[in-house]
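First residue of the sequence shown? That's 1474 in the working numbering, and the numbers climb one at a time after it.
Positions of the beta carbon are idealized from the N, C-alpha and C atoms, including for glycine.
The next block holds one structure in the form of structure tokens; read it before the comments.
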Amino acid sequence: MFSNHDETLQIPPVNHNNSDEIVSRLRALVPSPPAWTSELTSLNKLGYIPEIVFIDAGLVTTLDATNRRNFLDLFRAVAEFDGYRTGQLMIERSRSPELAIDTETFALKMQHLVLSVKRKTFSLGQIKISDLLTE
């Protein structure tokens, strides 16, 4: 969500592990717009630039209530990098979950896959479908 784009400053490379901390600090400041703006200004001086990421899910149709809930729950699990939950949802919400074999292993492999993608790219804006398919 935040990256350091200023090549002229002598700032160490961005540690994406602190991005969650930055987002948490900003969320806590939402009720106070002046404090929120001040924090953004401080981050900007350090070379951090906020990024807005748009995700095109390619949906050209409407979803009924059940499919919409399934999509949103799965999307949330992926967005939160909760691969285990992602695997569980894929099985639970499939048309025939009773046919799934070794669901625990599947969920654990999904957790490994999602964490692998997180380590490689960190930001959902940088995840490519090819990364997922090659795992």
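Residue 1549, buried or exposed, once every other Cβ within 10 Å from all chains shown has been counted against 16: exposed
Per-residue DSSP class, three states only, for residue 1484: Because the pLDDT at residue 1484 is just 43, under 50, the model does not fix this residue reliably, and the point stays unresolved.
Residue 1560 versus residue 1573 - alpha carbon distance: 11 Å
Residue 1503 versus residue 1529 - alpha carbon distance: 27 Å
Residue 1495: first and last residue of the uninterrupted alpha helix (DSSP H) it sits in: 1492-1501
Through-space distance from residue 1507 to residue 1554, alpha-carbon basis: For the pair residue 1554 and residue 1507, the Cα-to-Cα distance works out to about 31 Å.
Assigned exposure category for residue 1538 - 16 Cβ within 10 Å defines buried: exposed
Where residue 1506 sits in the DSSP three-state scheme: Helix at residue 1506.
Length of the line joining the Cα atoms of residue 1564 and residue 1592: 25 Å
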